[in-house]
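In my numbering, the protein residues as written are 302 to 715.
For glycine and all other residues, C-beta sits at the position ideal for the given N, C-alpha and C.
Treat the numbers as computed from the prediction; the structure is a model and nothing was measured.
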């Protein structure tokens with residue numbers, strides 16, 4: 302792990318001032334401790350030269366990742382409004398849609414870089430899209446801050462400009478087995494439904510390693526093509542093997558299809574864990590009670606015990622008339638980190654911003670962050686469970702509002 306110098310700074314959420322460390326950033330102004338509101342505030346100061354600096358974001362606003370990207374964008378929108386109030390350097394966000402297609406991601410980033418000369422880039426959602434985006438950002442020597450992706454392998458490619466304050470696959474794999482180990486009696490037979498993708502293969506291998514180390518039996522290890530419509534074969538294999546835990550990482554449409562077919566085929570293990578698919582409120586809206594007892598690991602929950610999280614949830618409710626979804630917090634955190642780095646860099650120089658990001662050491666609404674040399678940052682691996690049509694924070698124990706409801710209820714007793 303890298304050991305960047307500790308720098309004290311002030312983290313703002315709307316007009317709530319949160320002091321981190323001992324001294325204030327000279328680049329920031331003090332905000333009055335009044336309750337947050339949903340209305341955007343006027344900029345507090347102009348950046349050097351009297352104009353805003355542009356931050357670009359290429360996001361899957363349409364396509365299979367759209368429900369995830371919508372959460373991320375909401376977090377960005379609130380954060381830019383909040384943090385521009387107190388930032389000496391003003392940042393303007395420009396967003397382009399890549400329609401959940403990695404080829405589009407590359408093209409849109411190239412277009413943004415050539416046309417708008419962004420000081421930095423923020424990502425959207427989906428590991429495959431982030432991998433493509435991070436590579437082209439690095440080629441163009443543009444700092445890239447990405448959340449809503451857990452792919453770890455991209456951080457092993459020597460990308461100098463990639464930063465991701467979000468749990469990665471090794472953390473996710475360890476956390477779910479830690480949670481299973483904590484149950485009594487714990488599940489023993491594990492089924493894996495792995496998407497045929499780089500991230501699917503990565504998590505599949507890590508889950509197998511954890512299972513072997515902890516003496517779990519893998520009774521089904523099934524791969525499927527993203528966008529498939531028939532999941533009966535892997536479901537029936539897991540059911541016939543009496544799997545009492547399911548580990549999967551489907552996109553939202555695929556995950557909802559899997560859940561529906563699990564009900565049709567009467568398969569519900571004691572623990573049903575899906576990364577990605579159950580993250581958004583659309584899961585509960587579409588599946589209603591059939592979406593209950595599924596567990597997800599989205600990186601955040603409005604009830605986390607970090608400064609500003611509760612206020613962010615209140616602002617989101619006021620502004621969007623719905624609860625803050627679980628990717629809103631990580632998105633807000635990414636912007637907190639970027640604003641902090643830009644103000645410390647103090648000039649519109651990408652390498653200066655990149656170096657400031659590497660020296661990050663601060664508290665956010667998702668917890669404390671300090672980047673490793675590969676651009677990863679140890680993050681609290683939050684897990685939520687759908688119960689009664691809502692997401693409940695169940696892991697880790699020091700953050701949980703209630704224990705995991707285990708074992709899951711069979712379909713016929715709901």
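About 5 Å separates the CB atoms of residue 480 and residue 696; that is less than 8 Å, so the two are in contact.
Shown here for residue 576: same chain residues with a beta carbon closer than 6 Å to its own, the five before and five after excluded, namely 550 and 598 in chain order.
With a cut-off of 8 Å on Cβ pairs, the segment 499-507 is not in contact with the segment 481-491, counting fewer than three such pairs.
From the listed residues 711, 378, 364 and 692, the smallest Cα separation to residue 572 is found for 711. Partner residues in the beta bridge of residue 665, as assigned by DSSP, are 668.
Take residue 445, set aside five residues on each side of it, and the residues of its chain with a beta-carbon closer than 6 Å to its own are 422, 435, 438, 462 and 463, in chain order. Exclusion of the five residues before and after residue 508 leaves 474, 493 and 548 as the residues of its chain whose Cβ lies within less than 6 Å of its Cβ. In the three-state reduction of the DSSP assignment, residue 531 falls in the coil class. Listed in chain order, the non-local C-beta contacts of residue 353 below 7 Å within the same chain comprise 391, 392 and 393, local neighbours out to five positions each way being set aside. Residue 375 sits close to residue 621, with the two beta carbons spaced by under 8 Å. In terms of Cβ geometry, residue 543 and residue 490 form a close pair [threshold 8 Å]. In this structure, the straight-line span from the alpha carbon of residue 398 to that of residue 555 is close to 21 Å. In the three-state reduction of the DSSP assignment, residue 584 falls in the helix class, which pools H, G and I. For residue 595, the enclosing beta strand (DSSP E) starts and ends at 595-597. For residue 396, the enclosing beta strand (DSSP E) stretches over residues 392-398.
In this structure, the straight-line span from the alpha carbon of residue 382 to that of residue 705 is close to 36 Å. For residue 691, the closest alpha carbon among the candidates 672, 587 and 630 is that of 587. Shown here, residue 569 sits in coil according to DSSP, grouped into three states, outside any helix or strand. Looking at 402, 639 and 477, the one whose alpha-carbon comes closest to that of residue 388 is 639. Going by DSSP, residue 478 is part of the alpha helix (DSSP H) stretching over 470-482. In this structure residue 609 is buried. Its beta-carbon is surrounded by 16 or more other beta-carbon atoms within 10 angstroms.
CA-CA distance, residue 521 to residue 414, rounds to 45 Å. When the five nearest sequence neighbours on each side are left out, the beta carbons in the same chain lying within less than 7 Å of the beta carbon of residue 433 are those of 403, 406 and 407, in order along the chain.
The beta carbon of residue 453 sits closer than 7 Å to those of 469, 470, 471 and 503, all from its chain and outside the five residues before and after it, given in chain order. For residue 369, there is no enclosing beta strand (DSSP E); the residue is found in the alpha helix (DSSP H) stretching over 367-385.
Annotation for residue 525: the continuous beta strand (DSSP E) segment containing it runs 518-525. For residue 451, the closest of 698, 681 and 689 by C-alpha to C-alpha distance is 681. Around the Cβ of residue 372, a 10 Å sphere holds 16 or more other Cβ atoms; the residue is buried. With contacts defined as CB atoms closer than 8 Å, residue 627 and residue 602 qualify as a contacting pair.
Residue 686 is bridged by DSSP to 596 and 693.
Taking 4 residues as the minimum length, the alpha helix (DSSP H) runs contained wholly in the segment 406-476 are 428-440, in order along the chain. Look at residue 357 here: in three-state DSSP terms it is strand.
Partner residues in the beta bridge of residue 496, as assigned by DSSP, are 525.
For the 8 Å CB-CB criterion, residue 380 and residue 693 do not form a contact.
Beta-bridge partners assigned by DSSP to residue 574: 548 and 596. Between residue 524 and the set 512, 506 and 517, the nearest pair of CA atoms involves 506.
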